[in-house]
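Q: In case it helps, our numbering puts the sequence shown at residues 8 to 235.
The beta carbon of each residue, even a glycine, is placed where N, CA and C say it ideally should be.
Have a look at this one before I ask anything.
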Amino acid sequence: MTYKPDLDIARLYASFASPIAEVDCGRLCAPHNPSGKPFCCDICVAVPVALKEEWAYLKPNTQLWHRLRGDECPTDPIDVPKMKAETPGYMHLMACRGPEYCERDFRTLSCRQFPFSPYITADDRFIGLTYNWDFEQVCWVISNLHQVTSAYRREFIDIYDRLLYEYPKEYDSYYFLSEDMREAFKKRHRRIPILHRDGWDYLLSPATDRLTRVPAAQFRKFGPYRRS
């Protein structure tokens, strides 16, 4: 018998609703995107996903979302079959109507977590938040990790403590993503920024997982945000 988590999506969303920062980061990154949209809300930049349980909840409650078709980005059509092949079977590829139609109560978990992901050490410990390094040059938050609120950090940890337990395949996915990040940062001779579950900020050695406490305000900045 396949285990199916008993997820109350409305309650899950309510417990992961704090803003990432006290400022509207979308307004700070959008001027740097030719489309004028926040990068995280631009389907041509980032394709969100949703648990199947999320879609079952969202579909009758909002017109914000639809299943990804592939024609949402006319200048650069999305290869949906390829993306589906790379997406876990318990998730759907999604697209929304656009940031101007956003209903915050109906954002998917992938929207709420962006640009972050759980960092899992080589010895199998979920120690905190890191980010998707593919978005270093465009995401304002990545260059301003000291602006991430303690409430958001706490909620992220609480949510993923549960989801990583209830979805072993999701745990495996983030374990291998963390492994990929270690390899990428080794090649760049850089340490990995971590917003730790203990409330402190660290830089982590990708070779050893050794942590050095460093205030997030001192972390590296990227792209147009280097002077912010």
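Give the DSSP-derived three-state secondary structure of F226 in the structure shown.
A: Position 219 of the sequence shown holds residue 226. It is coil, neither helix nor strand.
Q: With the cut-off set at 8 Å, would you say T115 and P55 are in Cβ contact?
A: Working through the sequence shown from its first residue, we reach residue 115 at position 108. Working through the sequence shown from its first residue, we reach residue 55 at position 48. Contact flag set, yes.
Q: Unbroken beta strand (DSSP E) runs of length 3 or more, entirely within the stretch 183-220: which are they?
A: For the stretch 183-220, whole beta strand (DSSP E) runs of length 3 or above, ordered along the chain, are 199-203, 208-211 and 218-220.
Q: Taking the straight line between their C-alpha atoms, what separation do you get for R233 and S150?
A: For the purposes of this step, residue 233 is identified with residue 226 of the sequence shown, where counting begins at 1. For the purposes of this step, residue 150 is identified with residue 143 of the sequence shown, where counting begins at 1. Looking at the two C-alpha atoms, the distance is approximately 7 Å.
Q: On the three-state DSSP scale, how would you describe I50?
A: Locating residue 50 in the sequence shown gives position 43, counting from the first residue. Residue state, collapsed to three classes: coil.
Q: Can you tell me the Cα-Cα spacing of L216 and F163, whole angstroms?
A: Looking up residue 216 in the sequence shown gives position 209. Looking up residue 163 in the sequence shown gives position 156. Contrary to the premise, residue 216 reads as Asp rather than Leu in this sequence. Computed Cα separation, rounded: 21 Å.
Q: From I166, G33 and Q225, pick the residue whose C-alpha is nearest to that of F23; which is it?
A: On the sequence shown, residue 23 is found 16 positions in, with the first residue counted as 1. Of the listed residues, the one whose Cα sits closest to F23 is I166.
Q: Is the separation between the beta-carbon of F121 and that of C47 shorter than 8 Å?
A: What you label residue 121 is simply residue 114 of the sequence shown in a count that begins at 1. What you label residue 47 is simply residue 40 of the sequence shown in a count that begins at 1. Closer than 8 Å, so yes.
Q: Taking the alpha carbon of K91 as the reference point, which residue from T82, D83 and G77 has its own alpha carbon closest?
A: Position 84 of the sequence shown, counted from the first residue, corresponds to residue 91. Nearest of T82, D83 and G77 to K91, Cα basis: G77.
Q: Using three-state DSSP, classify C145 as helix, strand or coil.
A: Stepping through the sequence shown from its first residue, residue 145 is reached at position 138. According to the sequence displayed, residue 145 carries Val and not Cys. DSSP places V145 in coil when its eight states are reduced to three.
Q: Measure the Cβ-Cβ separation of I201 and T137 and say whether it is below 8 Å.
A: On the sequence shown, position 194 is the one that residue 201 refers to. On the sequence shown, position 130 is the one that residue 137 refers to. Against a cut-off of 8 Å, the Cβ pair of T137 and I201 comes out as a contact.
Q: What residue range does the alpha helix (DSSP H) around I166 cover?
A: Position 159 of the sequence shown, counting from 1, holds the residue named residue 166. First-last of the alpha helix (DSSP H) with I166: S157 to E173.
Q: What separation, rounded to the nearest whole angstrom, lies between the Cα atoms of I199 and G135?
A: Translated into positions along the sequence shown, residue 199 becomes position 192. Translated into positions along the sequence shown, residue 135 becomes position 128. Going by the C-alpha atoms only, they are around 12 Å apart.
Q: Short of 7 Å in beta carbon distance, which residues of its chain neighbour M8, apart from the five on each side in sequence? Order them along the chain.
A: By one-based count along the sequence shown, residue 8 stands at place 1. Residue confidence is low: M8 scores 34 on pLDDT, short of 50, so the model does not pin down where it sits. Its coordinate-derived value is still stated next. Closer than 7 Å at the Cβ level, and outside the excluded window around M8, lies no residue.
Q: Which residue comes first and which comes last in the alpha helix (DSSP H) that contains A57?
A: Mapped onto the sequence shown, residue 57 falls at position 50. Premise fails: A57 lies in the beta strand (DSSP E), V56 to L58, not in any alpha helix (DSSP H).
Q: Helix, strand or coil: how does DSSP classify A24 here?
A: The residue given as residue 24 occupies position 17 in the sequence shown. A24 falls in the coil class under three-state DSSP.
Q: Select from R189, H203 and D112 the residue whose C-alpha is nearest the C-alpha of A214.
A: Numbered from 1 along the sequence shown, position 207 holds the residue referred to as residue 214. Answer by Cα proximity: R189.
Q: Among the residues of its own chain, which have a CB less than 6 Å from the CB of Y178, if the five just before and after it don't count?
A: For the purposes of this step, residue 178 is taken as the residue at position 171 of the sequence shown. Closer than 6 Å at Cβ, skipping near neighbours: L171.
Q: If R74 and H99 are in contact, beta carbons under 8 Å, what's the gap, nearest whole angstrom?
A: For this step, residue 74 is matched to residue 67 along the sequence shown. For this step, residue 99 is matched to residue 92 along the sequence shown. Sure, about 6 Å apart at Cβ, within 8 Å.
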